[in-house]
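Everything below concerns the one structure shown next.
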Amino acid sequence: MESIHTDPVAPVLLGLTVITLLALLGRHIAKRLNQPSVLGELAFGMLIGNIGYWIGSDLISVLRESGAVFNAINLSLDAGVTLEQALKITLGDELADEMLPILSSSQGGKITDVIQIIDSFSRIGLLFLLFAVGLNSSTIELQASAKSAFRVAMIGVIAPFVFGIGVMQLLAPQAHWTTNLLVAIALCATSIGISARVFHDLNQDNTEVARVVLSAAVIDDVLGLVLMAIGIDAVSRGSLDMTSIVYSIIQAAMFLASIYLLVPRIIRAVIKHLHHLDLWEAELFIAFLMLTSLSWLADFVGLSAIVGAFAAGLILSNHEFNYWMKECDLENRECRLDHEIREQIRPFEAVFAPIFFVLMGMQVKLEVFLDQEIVLLASALTIVAIVGKMISGLGAERHLSRSAIGAGMVPRGEVALIMAAIGKGLGVLGPSLFSAVVIMTVVTTLVGPALLKWRLTSADVNT
1 MESIHTDPVA PVLLGLTVIT LLALLGRHIA KRLNQPSVLG ELAFGMLIGN
51 IGYWIGSDLI SVLRESGAVF NAINLSLDAG VTLEQALKIT LGDELADEML
101 PILSSSQGGK ITDVIQIIDS FSRIGLLFLL FAVGLNSSTI ELQASAKSAF
151 RVAMIGVIAP FVFGIGVMQL LAPQAHWTTN LLVAIALCAT SIGISARVFH
201 DLNQDNTEVA RVVLSAAVID DVLGLVLMAI GIDAVSRGSL DMTSIVYSII
251 QAAMFLASIY LLVPRIIRAV IKHLHHLDLW EAELFIAFLM LTSLSWLADF
301 VGLSAIVGAF AAGLILSNHE FNYWMKECDL ENRECRLDHE IREQIRPFEA
351 VFAPIFFVLM GMQVKLEVFL DQEIVLLASA LTIVAIVGKM ISGLGAERHL
401 SRSAIGAGMV PRGEVALIMA AIGKGLGVLG PSLFSAVVIM TVVTTLVGPA
451 LLKWRLTSAD VNT
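Using the numbering used here, read the sequence shown as starting at 1 and increasing by one per residue.
Structural data, given as structure tokens:
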């Protein structure tokens, strides 16, 4: 008999404990193998998710279909249909028959509550992650290698996008055009953190090659987020026309430009009233308010919340806050606001972001790879993902190692996973395609750093 004194948050705490432990173990093993932490988190999520499903865990069974299950529950409440009917609409007959007994049981409500709360934690972690990416991406540094970086970024977006559409048309001709669009968009992004770590480990952070790669990766992510906004708009409208594309681009550009021009002024006004606080308190509160307010604002104007999170970090990463020291009467202290904010935000990112990647791993269905067509599709997507980024190096200046730059653009990392998760949540990417995109991400994240290390150590790229 369940105790009446049981805290309702206890199951959530247990779930967070298990997921955090999985993330910790995954990180530990990944570091031991000299691999990015995200791979360990994904791998342990995939392992536990599939084992839990095979042994009949109700919680994990629902978790693997959480997006569609929540859509079914909302449909049932909004449209007045039965839960069974809603599940069959969103999941199909076979999965609906599997989910209905679990959701209708005495524990069904508790299971969905736990999953929904943990999913919310993972989304918060996602915002912290994109905020941290923005903090590590200075617009001043972007300007230093702007021409080469822009050419590399444009090729690095256009080539994988076109190749991705081609692969989907060839190997999955029955797929809806919105599915093809989101898969192609998922191929476009580049992971800033993974390539940056390779340059750092080889003491080549300040080379021109590193600046071009990291600047192009930032531009790639911005373009990828704009494409994602276009894709989400296309899915919601059910159509794609030039007017909506232009509108989405203008909308994103106006959003980024307006907050870039206005938010620093707002920060200055706020600082005048915070100089009695300790510096670390003011920095932390301003950073958190920037993250939450701009994420909400981006969602409010029709963009994704992660666009706002990235923009918040990008603004705070600039070295234009020297007046902070004067307002706080700390003229004798070195002005390193962006560094201190990164250090204060890092614990939040380190704790919450892995929840997202472990959950993504749990939703990868390994059984879909028993289908040869899915294996072929995943392999083809991986190949064009690598080739599309390698040829982006052709946009760099001739005196630079174009192969090293192309290799630095290969890792997909977190941004591709974010796009895959959004596609799955929208019901556009089914389990098979979602798993194929995750596998593509894992392989490129493994291959990219290896290629980059090889090119950096075998060529004179220290220009």
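Ideal Cβ placement from N, Cα and C applies to all residues, glycine included.
Separation of residue j from residue i, as counted between CA atoms
{"i": "Phe356", "j": "Leu126", "result": "7 Å"}
{"i": "Ser66", "j": "Ala385", "result": "28 Å"}
{"i": "Gly40", "j": "Arg237", "result": "37 Å"}
{"i": "Leu256", "j": "Asp221", "result": "13 Å"}
{"i": "Ile124", "j": "Phe310", "result": "13 Å"}
{"i": "Phe352", "j": "Val62", "result": "21 Å"}
{"i": "Gly313", "j": "Leu135", "result": "4 Å"}
{"i": "Ala189", "j": "Leu456", "result": "22 Å"}
{"i": "Asn203", "j": "Ala68", "result": "46 Å"}
{"i": "Ile118", "j": "Ser458", "result": "45 Å"}
{"i": "Ile286", "j": "Val167", "result": "45 Å"}
{"i": "Asp329", "j": "Ala269", "result": "Any reading at Asp329 is ruled out, since the residue's pLDDT is 49, under 50, leaving its predicted position unreliable."}
{"i": "Gly164", "j": "Leu171", "result": "11 Å"}
{"i": "Asp338", "j": "Leu261", "result": "Any reading at Asp338 is ruled out, since the residue's pLDDT is 47, under 50, leaving its predicted position unreliable."}
{"i": "Gln169", "j": "Ile267", "result": "48 Å"}
{"i": "Ala253", "j": "Gly109", "result": "42 Å"}
{"i": "Phe288", "j": "Glu349", "result": "12 Å"}
{"i": "Val472", "j": "Ile391", "result": "Past the boundaries of the shown model lies residue 472; the chain is included only from 1 to 463, so the question cannot be answered."}
{"i": "Phe199", "j": "Gln85", "result": "53 Å"}
{"i": "Gly80", "j": "Asn74", "result": "10 Å"}
{"i": "Gly156", "j": "Met228", "result": "16 Å"}
{"i": "Ala216", "j": "Leu223", "result": "10 Å"}
{"i": "Ile51", "j": "Phe369", "result": "15 Å"}
{"i": "Leu187", "j": "His28", "result": "28 Å"}
{"i": "Trp280", "j": "Phe300", "result": "30 Å"}
{"i": "Pro36", "j": "Thr82", "result": "45 Å"}
{"i": "Val447", "j": "Leu77", "result": "46 Å"}
{"i": "Leu129", "j": "Gln174", "result": "35 Å"}
{"i": "Thr20", "j": "Glu343", "result": "21 Å"}
{"i": "Lys272", "j": "Met242", "result": "45 Å"}
{"i": "Asp371", "j": "Ile158", "result": "30 Å"}
{"i": "Trp454", "j": "Val162", "result": "28 Å"}
{"i": "Ser122", "j": "Thr17", "result": "13 Å"}
{"i": "Tyr53", "j": "Ala96", "result": "16 Å"}
{"i": "Asp7", "j": "Glu283", "result": "34 Å"}
From the options, residue whose alpha carbon lies closest to that of residue i
{"i": "Pro101", "options": "Ser57, Leu130, Val114 and Ala79", "result": "Ser57"}
{"i": "Ala184", "options": "Leu417, Gly92, Leu452 and Leu446", "result": "Leu417"}
{"i": "Thr292", "options": "Arg268, Val246 and Ile345", "result": "Ile345"}
{"i": "Val9", "options": "Ile245, Gly427 and Ile115", "result": "Ile115"}
{"i": "Leu451", "options": "Ile439, Ile51, Ala404 and Ala287", "result": "Ala404"}
{"i": "Val443", "options": "Asp7, Val38, Thr17 and His28", "result": "Val38"}
{"i": "Thr179", "options": "Leu426, Ile29 and Val438", "result": "Leu426"}
{"i": "Leu59", "options": "Glu98, Leu25 and Ala79", "result": "Glu98"}
{"i": "Val393", "options": "Lys147, Ser76 and Ala96", "result": "For the sequence presented, residue 393 should be read as Gly rather than Val. The option with the nearest alpha carbon to Gly393 is Lys147."}
{"i": "Leu297", "options": "Val263, Trp280 and Ala380", "result": "Val263"}
{"i": "Ala498", "options": "Thr207, Thr17, Asp7 and Val364", "result": "Nothing in the structure corresponds to residue 498, since the chain is present only between 1 and 463."}
{"i": "Gly92", "options": "Ser105, Ile341, Asn71 and Gln107", "result": "Asn71"}
{"i": "Arg211", "options": "Phe150, Glu283 and Ile232", "result": "Phe150"}
Integer Cβ distance of residue i from residue j, believed to fall under 8 Å
{"i": "Met360", "j": "Ala421", "result": "6 Å"}
{"i": "Leu103", "j": "Thr90", "result": "Between Thr90 and Leu103 the Cβ distance is about 12 Å, and since that is not below 8 Å, they are no contact."}
{"i": "Gly408", "j": "Val213", "result": "4 Å"}
{"i": "Phe44", "j": "Leu14", "result": "Actually they do not touch by this definition, with Cβ atoms about 17 Å apart."}
{"i": "Val235", "j": "Val428", "result": "6 Å"}
{"i": "Ser191", "j": "Thr382", "result": "Contact flag wrong, Cβ pair sits at about 15 Å."}
{"i": "Ile374", "j": "Ser295", "result": "That belief does not hold up - the Cβ atoms of Ile374 and Ser295 are roughly 34 Å apart, past 8 Å."}
{"i": "Leu33", "j": "Val209", "result": "The Cβ separation is near 26 Å, so there is no contact."}
{"i": "Ser248", "j": "Ile259", "result": "Contact doesn't hold; Cβ gap of about 17 Å is too wide."}
{"i": "Pro411", "j": "Ser195", "result": "6 Å"}
{"i": "Ile341", "j": "Ala378", "result": "With a Cβ gap of about 39 Å, Ile341 and Ala378 do not count as contacting."}
{"i": "Gln251", "j": "Leu303", "result": "7 Å"}
{"i": "Ala305", "j": "Val152", "result": "About 28 Å; that fails the 8 Å criterion."}
Endpoints, alpha helix (DSSP H) assigned at residue i
{"i": "Thr20", "result": "Ala10 to Arg32"}
{"i": "Asn74", "result": "Ser66 to Ala79"}
{"i": "Lys470", "result": "Given that the chain is displayed from residue 1 to residue 463, the structure contains no residue 470 and the question cannot be resolved."}
{"i": "Gln251", "result": "Met242 to Ile271"}
{"i": "Gly231", "result": "Glu208 to Arg237"}
{"i": "Ile48", "result": "Ser37 to Trp54"}
{"i": "Val428", "result": "It is not in any alpha helix (DSSP H) - Val428 carries neither H nor E in the DSSP assignment."}
{"i": "Val62", "result": "Asp58 to Leu63"}
{"i": "Thr512", "result": "In the structure as shown, the chain starts at 1 and stops at 463, and residue 512 therefore has no counterpart that could be examined."}
{"i": "Ala305", "result": "Ala305 to Leu316"}
Any chain C beta carbon closer than 8 Å to residue i
{"i": "Phe163", "result": "This model lacks chain C altogether, as it is built from one protein chain only."}
Checklist line | Within the region 120-168, ranges of the beta strand (DSSP E) (whole runs, at least 3 residues) | finding: For the region 120-168, not a single whole beta strand (DSSP E) run of length 3 or above is found.
Check: Which parts of the region 357-422 are runs of the alpha helix (DSSP H), unbroken and 4 residues or longer, counting only runs that do not cross its ends?
Finding: 372-390 and 402-408
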